[in-house]
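Accompanying notes for the structure given below.
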Amino acid sequence: MDFLDKHYLTLGFVISLSASLFSMVYSEIVGFLPCYLCWYQRIFMFSLPFIFGAAIWHKDRKIVKYTLPLIAVGFIVSIYQNFFYYFGEGSALPCDASGVSCYQQLVSEFGGYISIPMLSLTSFLALAAVVLAAHFYKKED
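In this note's numbering, the protein residues as written are 21 to 161.
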């Protein structure tokens, strides 16, 4: 836990920046337009590298109250999208005609685990784990 205590801001920055860059590469370079739900997840993910970066710059280690709400809402939207992606009908998703359907499998690796919605869910889950573990670890001292 000492590693996490010392480097959780850097881990949060790397995870959120990687997720944001991954999303941008898939939309701008590969050409997969984001669906309706992906836009909401992007709103919450794209601001996190700036918050973590500013916290690293100013050595502000108390950013849980700023990052956790963004992570939580993005995580909830991601759970909603993943539920319909893996278990629901494609017609039930609130996707508009201008973007890619949330139900369309654009990326599917490792037996279907690696998909764009699952990558988003994994990123938000990893960020939540890092931020919460660092927060509660500090409370025990």
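From the three backbone atoms N, C-alpha and C, an ideal C-beta is built for every residue, glycine too. Predicted, not measured: the structure shown is a model, and the values here were computed from it.
Asked                                                                                                                  : Found
Secondary structure of Ile136, DSSP reduced to three states                                                            : helix
Whether Val151 touches Gly32 by CB criterion (9 angstroms)                                                             : yes
Other residues of its chain near Gln61: CB distance less than 6 angstroms, five sequence neighbours each side excluded : Gly94, Val97, Ser98, Ser140
Spatial distance of Leu145 from Lys85 (CA atoms)                                                                       : 17 angstroms
Residue range of the alpha helix (DSSP H) that includes Leu31                                                          : 22-44
9 angstroms Cβ cutoff met for Ala92 and Ala39                                                                          : no
Neighbour flag for Trp59 against chain C, beta carbons, 9 angstroms                                                    : Note that chain C does not occur in the displayed structure, where there is just one protein chain.
Reference Ser135; option with closest CA among Cys58, Phe64, Leu68                                                     : Cys58
Helix, strand or coil at Phe144 [DSSP, three-state]                                                                    : helix
Tyr100 to Trp77 span [Cα, whole Å]                                                                                     : 34 angstroms
Cβ-based burial, Tyr171 [other Cβ within 10 Å; buried from 16]                                                         : A question about residue 171 goes unanswered here, because the residues of the chain that appear run from 21 up to 161.
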